[in-house]
Structures are given as structure tokens and as C-alpha cells.
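Data block below; observations after.
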Amino acid sequence: MFFLTFSILAAVLGIVSKFVGGNHIRMWRSDSLASAGATALIAWAVTALAFGLACKQINIGGHRGWRLKIVEAFIIILTFTQLIYLLLIHAGLYNSRYGPGYRDSDYGVGGGVTGHGDPMHKGSAIPSTGTHV
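Under my numbering, the first residue of the sequence shown is numbered 767, with each subsequent residue one higher.
Printed below as a string of C-alpha cells:
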């Protein structure tokens with residue numbers, strides 16, 4: 767009974783994790799890497815729980831329909847493929863060779879548009895006269 771519940775939950779969290787990973791590929795920044803790594807870890811944890819329930823159900827035995835056997839096989843395969851995905855996402859956390867990394871020295875600093883080095887204040891490099899706010 768709990769196996770199917772956790773299987774559906776693992777499927778939904780896995781899909782969300784892949785969307786967040788796709789967003790990280792699109793943005794390729796350290797903060798998107800952290801969110802992709804966190805959602806991948808949560809999705810893999812729920813998938814590992816469903817994996818344990820599938821192994822328990824196989825170990826108990828008894829009559830199971832062919833559909834339930836296919837779902838069990840998918841969960842077992844999915845557990846290992848999500849583990850590989852999790853390891854690849856976390857490789858970017860620890861080494862900037864595989865991702866943006868947290869040790870980028872140019873992240874959040876630089877000239878920007880204003881030339882003052884403050885990325886929050888964008889505008890023209892020449893201060894406008896006559897306006898005081």
C-alpha cells in the first residue's frame with residue numbers, strides 16, 4: 767500500500783528535480799546549482815525509500831500482478847539513475863571544473879553597467895545633475 771504512494775511521490779519529485787536541473791543548466795550560476803543539488807537530494811531520498819519498500823515487497827513474495835512487478839523494476843532502475851544524477855549535480859558543488867562552483871572570484875563583483883563595482887545600482891556611468899532623491 768505504501769509502495770505505490772511513495773512511488774508516485776518519488777516520480778513527482780524526480781520530475782521537479784529535473785526541471786530545477788534544467789533551470790540550472792540555463793542559468794549556470796552557483797545559486798541555481800545549490801537549488802538543483804538540494805532538490806536532487808530530496809528526490810533521491812524519497813526514491814530510495816520507495817526502493818526499500820519495493821525490495822521488501824519482493825522479499826515477502828506472494829501473488830503480485832504484472833503491473834506491480836513493472837513498477838517495482840522501474841523504481842529499482844530509477845534509484846540508481848537518480849543516484850548518478852545526484853552525484854553529477856554535486857560534482858559541480860565541489861569542483862568548479864564540472865560546474866560554476868562556489869569559489870568563482872568574479873561572481874557578484876565587477877564593473878557592471880555603472881563602472882562603480884556595485885551590481886545593485888545599474889544606470890548610467892555619468893551622474894545626472896539636478897535630481898536629488
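Note that beta-carbon positions come from the ideal geometry of N, C-alpha and C, so glycine has one too.
Quick one: Cα of residue i to Cα of residue j, how far?
i	j	result
L853	G827	33 Å
R830	V837	11 Å
R795	T813	27 Å
A777	R792	23 Å
D797	Q848	21 Å
G858	A800	9 Å
G780	W832	24 Å
K835	A811	21 Å
H790	N825	39 Å
F785	T845	18 Å
Whose CA, out of the options, lies closest to the CA of residue i?
i	options	result
F768	F817, A857 and I808	F817
A839	H829, Q823 and M793	Q823
L775	H790, L815 and F846	L815
Assuming contact is defined by CB atoms lying nearer than 8 Å, are residue i and residue j in contact in what I supplied?
i	j	result
A809	S783	yes
I842	A820	yes
Y860	A806	no
Write down the C-beta distance between residue i and residue j rounded to the nearest angstrom, noting that I regard them as a contact closer than 8 Å.
i	j	result
G803	H856	6 Å
Counting C-beta neighbours from all protein chains within 10 Å, is the total for residue i 16 or more, i.e. buried, or is it exposed?
i	result
T771	exposed
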